[in-house]
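What follows is a short report on a single structure.
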């Protein structure tokens, strides 16, 4: 009997943008849902780190909303001059609770072959953006994409 070719495993990601110049992808294993928010539904909390936009209610639970653009060294997404009627947030599961990441744009689902993923070296994680990157990969047309590291974001927020 001829040998069966090895099955390659693919991982599904969702594409997001935290600024015009920074497309990222997030594993759908970490994704709970994509939420459209009205600014009026966000409650700001005084004394919180600047990256925390505030909290909002989703399915009876209070969810913290983090400004990913500001976290990664760009202008805050809710700064003067930035206005969108509806805001896009990516809700992720963190242990037994949830966290939402405010992003500029949510894109498509993408399948990436696991052998095309390169894990980031920790020595390169000193820059603001690289601090929150788990690795990189190439999509089907060969464009390089960075994979968001939710655990690194949580650790950063816990220390802030």
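In the numbering used here, the protein residues as written are 1 to 160.
Glycine included, every Cβ here is placed at the ideal spot set by N, Cα and C.
Integer-rounded CB distance, given that residue j should sit under 8 Å from residue i
i: residue 133; j: residue 150; result: Contact doesn't hold; Cβ gap of about 11 Å is too wide.
i: residue 71; j: residue 53; result: Actually they are not in contact, since the Cβ atoms of residue 71 and residue 53 sit about 10 Å apart, beyond 8 Å.
i: residue 36; j: residue 105; result: Contact flag wrong, Cβ pair sits at about 12 Å.
Straight-line Cα distance separating residue j from residue i
i: residue 125; j: residue 131; result: A caution first: residue 125 carries a pLDDT of 45, below 50, which makes its placement in the model too unreliable to give a value.
i: residue 29; j: residue 21; result: 25 Å
i: residue 99; j: residue 33; result: 11 Å
i: residue 135; j: residue 26; result: 11 Å
i: residue 55; j: residue 48; result: 11 Å
i: residue 68; j: residue 141; result: 26 Å
i: residue 57; j: residue 155; result: 23 Å
i: residue 123; j: residue 90; result: Because residue 123 carries a pLDDT of 42, less than 50, the predicted location of this residue cannot be relied on, and no value is offered for it.
i: residue 101; j: residue 139; result: 23 Å
i: residue 64; j: residue 129; result: 21 Å
i: residue 153; j: residue 92; result: 11 Å
i: residue 159; j: residue 66; result: 15 Å
Beta-carbon proximity list for residue i, same chain, < 6 Å, skipping 5 on both sides
i: residue 111; result: 10 and 12
i: residue 24; result: 16, 146 and 148
i: residue 137; result: 112, 116, 117 and 145
i: residue 44; result: 54
i: residue 119; result: 135
Whether residue i touches residue j by CB criterion (9 Å)
i: residue 14; j: residue 107; result: yes
i: residue 18; j: residue 157; result: no
i: residue 61; j: residue 114; result: no
Own chain partners of residue i with C-beta closer than 7 Å, once the 5 adjacent residues on each side are dropped
i: residue 38; result: 86
i: residue 31; result: 14, 90 and 92
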